[in-house]
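For the sequence shown, the working numbering assigns the number 1384 to the initial residue and increments by one for each residue that follows. In this text, a Cβ means the ideal position worked out from N, Cα and C, and glycines have one as well. Please read these numbers as outputs of a predicted model, since none were measured by experiment.
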Amino acid sequence: MNGSEIIDFIKWVAIIFPILYFGYFLIPCGLSYYYFYVFRFEKFKDRKIYAERPTRADVWREIRASTSTIFIFSIGTALVREMIINGQTLVYFDWDAYPWWYHILGFFLIMVVHDAYLYWTHRFMHIKGIFHRVHLTHHRSLYPTPFAVFSSHPIEAVIAYTIIPLLLIMIPIHLWLLIFYFIYNLFTNIQGHLGFEIFPKGFFQLPLIRFSATPTSHQIHHVHFNKNYGGYFNFWDRVMGTYSEEKPSSRKISAIRFQ
């Protein structure tokens, strides 16, 4: 990059950051938190996975940690933008470039590869020395709120975003499907950190759906630590023996793992 290209890149980071911070983090996560923890808490309190409620300090800690993550994601998004413009990815703009069935297949392929990446990098970050230096930032939320979605150490944020450009140079996907994928990714992350089981009882026992990660399974991960590492699916957890539906009953049992 020459001087003008660097200035242009910084400009795009400055444009992207507020869009992501407010449109992809603060507003959707804030509305989710307000709806379930304030406005409709009495209505949904019986669906609370654990009775414990996050403190105001917990919420502000999650927001602070998320700010650096969104900044790193903004840099990554600016880089991906450059790659797309320069034709360095397989992102396409013409719906007729591929048959209709490929649009569905490509979306699913990205989910599957991304989920495998999430599982194994998540396992990596639970290695003892790495966990306390990096992943503990996220796991300080024993009972997370939607604001915990991006509450990560900067190193974890870099690891999390690295898969995005790799996916885009491996798997063709339409630009609008890519945008929808990021929206879907946000939705699944919010529900996983919501603290409420919002789906009807038995929903996740339906064929195929039973292999999806659930709000309860990820909440169990936050208090159990060594179970349910999956992102979208529980496939890798089932294969590797890390899947659990059993909720630990005591906060003290989990809290000792911080030591």
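| query | result |
| --- | --- |
| Do the CB positions of Asn-1572 and Val-1532 come within less than 7 angstroms of each other? | yes |
| Give me, in chain order, the residues of the same chain whose beta-carbon lies closer than 6 angstroms to that of Thr-1472; leave out the 5 immediate sequence neighbours on both sides. | Met-1466, Leu-1551 and Ile-1552 |
| Do Pro-1598 and Gly-1624 come within 7 angstroms of each other at the CB atom, strictly closer than that value? | no |
| Whose CA, out of Glu-1628, His-1605 and Phe-1579, lies closest to the CA of Phe-1424? | Phe-1579 |
| Specify the secondary structure class of Lys-1431 as computed by DSSP and reduced to three states. | strand |
| Please name the residue or residues paired with His-1557 in a DSSP beta bridge. | Tyr-1475 |
| Between Phe-1490 and Leu-1549, is the Cβ-Cβ spacing less than 7 angstroms? | no |
| Under the three-state reduction of DSSP, which class applies to Phe-1616: helix, strand or coil? | strand |
| Along the chain, where does the alpha helix (DSSP H) that runs through Lys-1584 open and close? | Unbroken run through Lys-1584: none, as it is neither H nor E. |
| Strictly by DSSP, which residues pair up with Ser-1595? | Phe-1616 |
| Less than 7 angstroms between the C-beta atoms of Ser-1457 and Ile-1538, yes or no? | no |
| Leaving aside the five residues before and after Phe-1616 along the sequence, list all residues of the same chain whose C-beta is less than 7 angstroms from its C-beta, in chain order. | Asp-1498, Phe-1594, Ser-1595 and Ala-1596 |
| Below 7 angstroms CB to CB, which residues in the same chain sit around Lys-1431 once its five sequence neighbours on both sides are set aside? | Gly-1578 and Phe-1579 |
| What is the residue span of the alpha helix (DSSP H) that Arg-1439 lies within? | 1439-1468 |
| Please tell me whether Tyr-1526 and Tyr-1416 are closer than 7 angstroms, where the distance is taken between their beta carbons. | no |
| If I follow the unbroken alpha helix (DSSP H) through Leu-1409, where does it start and stop? | Run containing Leu-1409: none; DSSP gives neither H nor E here. |
| Whole angstroms are fine: how far does the CA of Tyr-1418 sit from the CA of Gly-1386? | 46 angstroms |
| What's the C-alpha gap between Val-1421 and Gly-1413? | 11 angstroms |
| Any idea what DSSP makes of Tyr-1481, helix, strand or coil? | coil |
| Under three-state DSSP, which class holds Ser-1657? | No information on residue 1657 is available, as it lies outside the stretch 1384 to 1642 that the chain covers here. |
| Pick from Asp-1391, Arg-1523 and Leu-1501: whose alpha carbon is nearest that of Glu-1445? | Arg-1523 |
| Does the Cβ-Cβ distance between Val-1474 and Leu-1558 come in under 7 angstroms? | yes |
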